[in-house]
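So the structure is just underneath, and the comments pick up after that.
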Amino acid sequence: MSNEASSTPTMETLIALCKRRGFVFPSSDVYGGYQGFFDFGPLGVELKNNIKNAWWKDFVHRRDDIVGLDSSIIMHPKIWVASGHVGGFSDPMVDCRETKLRYRADQLFIQAYTFTSEETENQSHYVTVVESEDNAAALAARAKKIAKLLSKKTEAKFSVGETEAEIIEFTEADHAQQTSAWGPDAEAPETLTEPRDFNLMFETKVGPLADSSATAYLRPETAQGIFANYKNVVDTGRIKVPFGIAQVGKAFRNEITPRNFLFRSREFEQMEIEYFIQPDADWQSLHREWIDKCIDWLVSIGLPREGIGEDVHPAHKLSHYSKGTTDLTFDFPHGVQELWGIACRGNFDLSQHQEHSGKSMEYFDEQQKQKYIPHVIEPSLGVDRTFLAVLAAAYTEDEIPNDKGQPEKRSLMKFHPRIAPYKVAVFPLVKNKPELVEHARTFYERLQNRWNCFWDVSGAIGRRYRRQDEIGTPYGVTVDFDTIEKGAGVTIRDRDTTEQIRLSEDEAIAWLSEKIDG
Ligand code: GAP
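Heads up: the sequence shown at position 514 corresponds to 1787 in the numbering used here, and the numbers run straight through without jumps.
Rendered as structure tokens:
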């Protein structure tokens, strides 16, 4: 039996575990890494594929109203003009003249708020606070630095997530003069340029010409590939509104400040659905249904329900075409942040493509006997953010008895069996009895026909169990003397409880199938 001690890993713990066990490596590691890019190792690629396959199975195969698509990463540049990405997919950016580093202006500037204090009877003060948990540490450090320069004292302390921040009172003039111009890594103040808009799309050239007519973009979202193919899918399939098109694939964004490991990277994968509905459908109810379905799915792959939140975008923050957006958030190691965006985009994208391509995007609804451009609900989920959430949720430290019955600390990954990299590990109890090893190997090969399994013959059985616990293999099957001498079947050990049951080999396969495939 296990005695759970702690289960909230820091990002550093996860990054170290990912590297040590072969889940995720920094990209181009031998050259010192490449910021914002990652490589998935032998265990990582299994976990990632299992997440994508579970999503595809539940949202495409198990539904009659959603079909799949795999569109190209580089598409006609006009698509990105029509979608608004060429004109508007940008972040404000500032450069530091001293360090030559580049920052996102909206993440850098310390927020100033007026407040009215009872003591000073309605006089206005400016207080510097740290607002976002995402960059709390950087902002807190910056506030302190500016306060030192201006000889300001800390008025009070408070916490944002795990970061200690300080409230420092600035006058409006201080704020304007100092906080907007000082590079966080610079020695001297007044080093930052004015903010400029920086388009996040990666540019490339297609064909032999190097002029601007050859400019193309790596897609910053998979969604536009769906809109661009909507007509093809409607014309060739027998699908009727309401219906969805789903796509899983790479997306690229030249993020100014990639951060928090896999959370914000420059190359990532998305799992997106465009769900087309009638213009007069009750979109609020359909939106709610999608939010609930998405929450259920996250729970089905092992995320704790209490870690999932809803962030409803207020009306003034919605894009001009959006009728409503709710982000599902997750309690990541660096704070509560967006995991899954579920947006009602109206008919903005299809209308734009109709206008820019000159091709009709209208759909003829046979039941209603009318033509319309469908509206759309868009659940858009990042594979890498899901991967990070799954890792954080699975990480557990506890104590279990060792071979001598004394308590021993262990760290384990409690992956849901659906997405665990290896489903079953098979161990012959000893390695120097050929008959036993051969029997175990035959059983292992039977299991291998169905699942990704692990074969381990070396070391004490307790050590072998522990190795599997650390990489999250949910079941360990041991072939022992009773298996071969008495035909007594095999034992199956449960990773989380460490409890064991003994079953015949056929029963064991049926039992595992029930647990793994549901
Ligand atoms: N088609 C809509 C769209 O792309 P988004 O909110 O920009 O919307 C959707 O992105 C999801 O993609 C996010 O909720 C997140 O899970 C993931 N995502 C976005 N940018 C990312 C990045 N730089 N690194 C990792 N994942 C990212």
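All C-beta atoms, glycine included, are put in the ideal place defined by N, C-alpha and C.
Asked, Found
"beta-carbon Glu1611 near ligand 1 non-hydrogen atom, thresh 7 Å", "yes"
"8 Å Cβ cutoff met for Phe1688 and Pro1747", "yes"
"N- and C-terminal bounds of the alpha helix (DSSP H) containing Gln1741", "1734 to 1744"
"Option nearest Lys1706 by Cα separation, candidates Phe1716, Cys1726, Val1730", "Val1730"
"Exposure label - Ala1289; buried when at least 16 CB within 10 Å", "exposed"
"Neighbourhood of Gly1498 by C-beta, 8 Å cutoff - its chain only, sequence neighbours within 5 removed", "Leu1342, Ser1344, Ser1345, Met1348, Arg1492, Gln1520, Gly1522"
"Among Lys1642, Arg1719, Ala1693, Arg1293, the one whose alpha carbon lies nearest that of Lys1513", "Lys1642"
"Supposed contact pair Leu1709 and Leu1702 - C-beta distance, whole angstroms, cut 8 Å", "7 Å"
"Top-ranked residue by Cα proximity to Lys1282, from Met1686, Thr1466, Gly1678, Asn1323", "A small fix is needed here, since residue 1282 is Pro in this sequence, not Lys. The candidate whose alpha carbon is nearest that of Pro1282 is Met1686."
"Whether Ala1659 touches Leu1601 by CB criterion (8 Å)", "Checking the sequence, you will find Thr at residue 1659 rather than Ala. No, Cβ-Cβ distance for Thr1659 and Leu1601 is not below 8 Å."
"Nonlocal neighbours in the same chain, by C-beta distance under 8 Å from Phe1516, ignoring five residues either side", "Asp1338, Ile1339, Val1340, Tyr1548, Phe1549"
"Beta-carbon proximity of Gly1306 to Pro1299, cut-off 8 Å", "yes"
"Own chain, CB closer than 8 Å to His1560, minus 5 neighbours either side, in chain order", "Gly1597, Thr1599, Ile1615, Cys1617, Ile1650"
"Backbone CA spacing between Arg1375 and Glu1528 [nearest angstrom]", "11 Å"
"Runs of alpha helix (DSSP H) wholly within the stretch 1313 to 1340 (minimum 4 residues, chain order)", "1315 to 1329"
"Closer than 7 Å: Gly1341 CB and nearest ligand 1 heavy atom", "no"
"Cβ distance (whole Å) where Thr1372 is taken to contact Gly1456 below 8 Å", "6 Å"
"Sub-8 Å separation of Glu1494 and Gln1543 beta-carbons", "yes"
"Ligand 3 heavy atom lying under 7 Å from the CB of Gln1543", "Ligands in the displayed structure: ligand 1; ligand 3 is not one of them."
"Residues that DSSP places opposite Asp1600 in a beta bridge", "Asp1584, Gly1614"
"Residue span of the beta strand (DSSP E) that contains Gly1655, given as start and end", "1648 to 1655"
"Alpha helix (DSSP H) segment containing Cys1726, residue limits", "Counting along the chain, Cys1726 falls outside any alpha helix (DSSP H), though it belongs to the beta strand (DSSP E) covering 1726 to 1728."
"Straight-line gap, His1648 to Ile1518 (C-alpha atoms, nearest Å)", "13 Å"
"Check: Asp1657 C-beta below 7 Å from any heavy atom of ligand 1", "yes"
"Whole beta strand (DSSP E) elements within the stretch 1462 to 1541, 3-residue minimum", "1469 to 1472, 1476 to 1478, 1488 to 1490, 1516 to 1525"
"Nonlocal neighbours in the same chain, by C-beta distance under 6 Å from Asp1312, ignoring five residues either side", "Phe1298, Ser1300"
"Reference Met1474, options Pro1350, Lys1566, Glu1635, Ser1624, closest by Cα", "Pro1350"
"Span separating the alpha-carbon of Asp1484 from that of Tyr1490", "14 Å"
"Residues that DSSP places opposite Val1367 in a beta bridge", "Tyr1376"
"Contact set for Arg1768: own chain, Cβ-Cβ below 6 Å, skip 5 residues either direction", "Asp1742, Pro1747"
"Residue burial classification, Tyr1717 (beta-carbon count within 10 angstroms, cutoff 16)", "buried"
"Distance CB(Phe1534)-CB(Leu1661) smaller than 8 Å", "yes"
"Spatially closest choice to Val1479 from Asn1326, Asn1472, Thr1488, by CA coordinates", "Thr1488"
"Neighbour-count burial assignment, Glu1319, 16 or more Cβ in a 10 Å radius", "buried"
"Any C-beta of chain C under 8 Å from that of Pro1647", "Here chain C cannot be found, since the structure has a single protein chain."
"Sheet register partners of Ile1546 (DSSP bridge)", "Ala1519"
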